[in-house]
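Read the structure below first, then the notes.
Protein chains in written order, with this note's numbering: chain A, 402 to 681; chain B, 8 to 312.
Printed below as a string of structure tokens:
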């Protein structure tokens with residue numbers, strides 16, 4: 402192979418990798434492409450030839466699906482619950498993580514450990530009493546109640562991640578701020594948070610995805626149609642329309658598209674949120 | 008570590024016993040919400056699994072080990088638990104090795120890394136609900152793409168009722184789970200690979216190591232801690248699988264794809280909270296033993312070697 406140039410050699414060497422990766426990508430994406438294509442077909446086309454591309458693009462399916470269930474309400478609920486949960490998680494976890502990372506107080510290590518314990522159990526370990534509690538507090542079947550549950554679920558990971566990040570901040574920064582008469586809350590609000598934007602962004606997108614997609618707890622705690630989130634609403638929609646093939650496909654896409662858009666916009670932040678937490 | 012830093016760098020004012028309350032104010036809101044809506048219910052679940060329940064409310068009437076005796080003698084519980092273990096066995100091998108190899112391949116190429124990573128990770132961003140409905144259609148008996156493709160390439164004899172066959176249903180749900188989880192392992196492995204010093208790979212190439220030698224003698228040993236994390240994550244998701252299976256099969260047909268969390272959910276729905284909390288507690292103990300045991304074993308092995 403000596404007669405070949407260096408870059409040609411490298412290209413030859415990486416060809417098999419490109420082939421395997423391209424094959425894997427096609428196999429991975431085919432289901433998604435197929436669901437999108439099917440949503441534009443008529444029921445008859447889907448039944449008679451599931452593999453064919455749509456003869457004509459029937460966007461009407463989306464309109465029918467949208468009005469076939471209260472997708473507008475599901476959307477509103479998902480956006481409201483997710484945005485509120487993310488905002489609260491970012492605020493409370495950064496406050497606590499700052500204290501855990503930078504302040505000295507009796508119980509610091511122990512209370513932090515208590516947060517870690519919460520990450521050791523599977524979701525089902527709390528569901529029974531959680532349901533009783535939510536009924537007791539009149540928070541069952543409530544968007545506000547669901548927000549509290551989601552925040553509580555996300556806090557341990559968020560605090561773990563931000564604490565590690567804040568520990569990397571030089572102490573001199575805080576010392577000089579203190580000399581200038583900056584209180585600890587001011588330091589947190591005016592200096593620490595702005596400097597942590599990339600981390601908060603990564604964490605925020607990660608929590609956003611998890612909350613937006615959550616199903617198990619929503620299924621348990623919400624049983625009124627007007628309070629359903631999108632994943633929950635999709636199951637209600639599918640229960641009613643699964644036999645109406647085209648509408649069923651369109652309903653899946655209505656739920657999937659917002660996540661795809663957020664992913665395209667914030668792909669790097671999301672993957673950073675996943676890997677930063679894992680490589681500690 | 009936190010205790011080496013003095014608060015805000017100020018010289019400590021006043022006598023030693025004056026407690027600085029500020030840190031507690033910073034952590035209080037987080038602690039309150041976390042304890043009431045997360046840790047509290049977990050502990051209550053363990054605790055009240057030893058008491059009788061009145062519909063949704065625990066009573067003070069002690070039940071001893073009754074709930075545990077019941078579920079451990081309930082074939083449906085053992086059946087569901089067995090399925091979680093099958094899931095676990097498959098999950099720590101298949102999505103993990105897929106993720107590893109795809110990460111290595113992406114690492115080996117120069118152009119298009121970001122595109123391949125983004126595309127291969129895509130299924131992992133969806134809710135279990137979306138994943139399940141996508142696969143419910145793929146598996147559909149006559150309108151599904153899987154049977155249609157088999158017909159089209161002349162393998163019509165292999166078409167199946169993927170979700171309706173009690174020998175297949177569990178494995179069909181596992182395929183959907185794999186589709187949505189190998190991407191997780193992949194991005195974590197890839198980040199781990201990018202942390203390995205390139206000098207090692209250069210040295211290996213100079214020494215004439217081939218692709219497989221590099222994988223087995225450099226990549227895998229260097230990713231030791233990453234493996235521990237990735238597999239721990241799989242233990243978690245396999246023992247806590249719910250949404251995908253719940254929607255694809257509901258645990259059926261005839262409980263052939265039932266898993267613990269569906270069992271627990273069904274028990275809660277039947278207001279059998281004693282059995283639900285006992286089953287959830289057994290599962291939680293198994294998960295804690297598996298994960299901490301695995302992590303300790305890995306630490307011990309890396310320390311002793």
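The beta carbon of each residue, even a glycine, is placed where N, CA and C say it ideally should be.
Status (buried if at least 16 other CB within 10 Å, exposed otherwise) for residue 118/B: Here residue 118/B corresponds to residue number 111 of the second chain, with the count starting at 1. Result: exposed.
Buried versus exposed, by CB contacts within 10 Å (16 or more), residue 270/B: Reading the second chain from its first residue, position 263 is the one you call residue 270/B. Burial is judged here by how many other beta carbons sit within 10 angstroms of a residue's own beta carbon; residue 270/B has at least 16 and is buried.
Beta-carbon proximity check, residue 150/B vs residue 448/A, cutoff 7 Å: In the second chain, residue 150/B corresponds to position 143, counting from 1. In the first chain, residue 448/A corresponds to position 47, counting from 1. Against a cut-off of 7 Å, the Cβ pair of residue 448/A and residue 150/B comes out as a contact.
Sufficient close CB pairs (3 or more, under 8 Å) joining the region 256-268 of chain B to the region 81-94 of chain B: Taking 8 Å as the limit for Cβ pairs, the verdict is that the region 81-94 of chain B does touch the region 256-268 of chain B.
Residue 532/A in three-state terms, based on DSSP: Counting from 1 along the first chain, the entry for residue 532/A is found at position 131. It is helical.
Own chain residues within Cβ distance below 6 Å of residue 486/A, not counting five before or after: Mapped onto the first chain, residue 486/A falls at position 85. Once the five neighbours on either side are set aside, the close Cβ partners of residue 486/A are 548, 551, 552 and 612.
Neighbouring residues, chain B, relative to residue 668/A (Cβ below 7 Å): By 1-based counting over the first chain, the position of residue 668/A is 267. For residue 668/A, the chain B residues whose C-beta falls within less than 7 Å of its own C-beta are 125, listed in chain order.
Under 8 Å (Cβ pairs) to chain B, residues found in the region 490-524 of chain A: Listed by position, the residues of the region 490-524 of chain A near chain B (Cβ gap below 8 Å) are 493, 494, 496, 497, 499, 500, 501, 502, 503, 504, 505, 506, 507, 509, 510, 512, 515, 516, 518, 519, 521, 522, 523 and 524.
Min CB distance residue 140/B to chain A below 7 Å: As a working note, residue 140/B is residue 133 in the second chain. Answer yes: the Cβ-Cβ gap between residue 140/B and chain A drops below 7 Å somewhere.
Continuous beta strand (DSSP E) stretch holding residue 458/A: start and end: Counting from one through the first chain, the residue named residue 458/A turns up at place 57. Boundaries cannot be given for residue 458/A, as no beta strand (DSSP E) includes it and DSSP labels it neither H nor E.
According to DSSP, residues forming a beta bridge with residue 58/B: As a first step, residue 58/B is located in the second chain; it is residue number 51 there, counting from the start. Partner(s): 69/B.
Buried versus exposed call for residue 616/A [16 or more other C-beta atoms within 10 Å across all chains shown]: As a position in the first chain, residue 616/A is number 215, starting the count at 1. The residue in question, residue 616/A, is buried, as its Cβ has 16 or more Cβ neighbours within 10 Å.
Whether residue 418/A touches residue 112/B by CB criterion (7 Å): Locating residue 418/A in the first chain gives position 17, where the first residue counts as 1. Locating residue 112/B in the second chain gives position 105, where the first residue counts as 1. Taking 7 Å as the Cβ cut-off, residue 418/A and residue 112/B qualify as a contacting pair.
Status (buried if at least 16 other CB within 10 Å, exposed otherwise) for residue 639/A: Mapped onto the first chain, residue 639/A falls at position 238. Residue 639/A should be labelled buried.
Own chain partners of residue 673/A with C-beta closer than 6 Å, once the 5 adjacent residues on each side are dropped: For the purposes of this step, residue 673/A is identified with residue 272 of the first chain, where counting begins at 1. Counting only Cβ-Cβ distances below 6 Å, and skipping sequence neighbours, we find 603.
Paired residues, beta bridge with residue 64/B - DSSP: Counting from one through the second chain, the residue named residue 64/B turns up at place 57. BP columns for residue 64/B point to 61/B.
Candidates 438/A, 461/A and 479/A: closest to residue 454/A by CA position: Residue mapping note: residue 454/A aligns to position 53 of the first chain, counting from 1. Across the set 438/A, 461/A and 479/A, the C-alpha of 438/A shows the shortest separation from the C-alpha of residue 454/A.
Among 444/A, 501/A, 506/A and 472/A, nearest to residue 27/B - alpha-carbon criterion: By one-based count along the second chain, residue 27/B stands at place 20. Per the Cα distances, 506/A.
Within chain B, partners of residue 556/A - CB distance below 8 Å: Within the first chain, numbered from 1, the residue matching residue 556/A stands at position 155. 37, 40, 41 and 45, listed in chain order.
Extent of the continuous alpha helix (DSSP H) to which residue 280/B belongs: As a first step, residue 280/B must be located in the second chain, where it is residue number 273. Note, residue 280/B: alpha helix (DSSP H), 280-311.
Chain-ordered neighbours of residue 435/A on chain B, where CB pairs are closer than 7 Å: In the first chain, the residue the question calls residue 435/A occupies position 34. Against residue 435/A, the close residues of chain B are 152, in the order they occur along the chain (beta-carbon pairs closer than 7 Å).
Which listed residue (664/A, 560/A, 477/A and 423/A) has its alpha carbon closest to that of residue 600/A: Position 199 of the first chain, counted from the start, is the residue given in the question as residue 600/A. Of the listed residues, the one whose Cα sits closest to residue 600/A is 560/A.
C-beta neighbour in chain B for residue 529/A, strict 7 Å: Counting from 1 along the first chain, the entry for residue 529/A is found at position 128. Taking Cβ atoms only, chain B reaches closer than 7 Å to residue 529/A, which makes this a yes.
Cβ-Cβ separation, residue 264/B to residue 252/B (assumed contact under 8 Å), whole Å: The residue given as residue 252/B occupies position 245 in the second chain. The residue given as residue 264/B occupies position 257 in the second chain. Sure, about 6 Å apart at Cβ, within 8 Å.
Residue environment, residue 219/B, which counts as buried when at least 16 other CB atoms sit within 10 Å: For the purposes of this step, residue 219/B is taken as residue 212 along the second chain, with counting starting at 1. It is exposed - the Cβ of residue 219/B has fewer than 16 other Cβ atoms within 10 Å.
Backbone secondary structure at residue 583/A - three-state DSSP: As a working mapping, residue 583/A is identified with position 182 in the first chain. Residue 583/A: coil per DSSP, three-state reduction.
Alpha-carbon to alpha-carbon, residue 250/B and residue 139/B: For the purposes of this step, residue 139/B is taken as residue 132 along the second chain, with counting starting at 1. For the purposes of this step, residue 250/B is taken as residue 243 along the second chain, with counting starting at 1. C-alpha separation (whole angstroms): 8 Å.
Local conformation of residue 448/A per DSSP, three classes: Position 47 of the first chain holds residue 448/A. Helix at residue 448/A.
CB of residue 415/A within 7 Å of CB of residue 116/B, strictly: Position 14 of the first chain, counted from the first residue, corresponds to residue 415/A. Position 109 of the second chain, counted from the first residue, corresponds to residue 116/B. Contact: yes.
Min CB distance residue 653/A to chain B below 7 Å: If you number the first chain from 1, residue 653/A lands on position 252. Residue 653/A counts as touching chain B.
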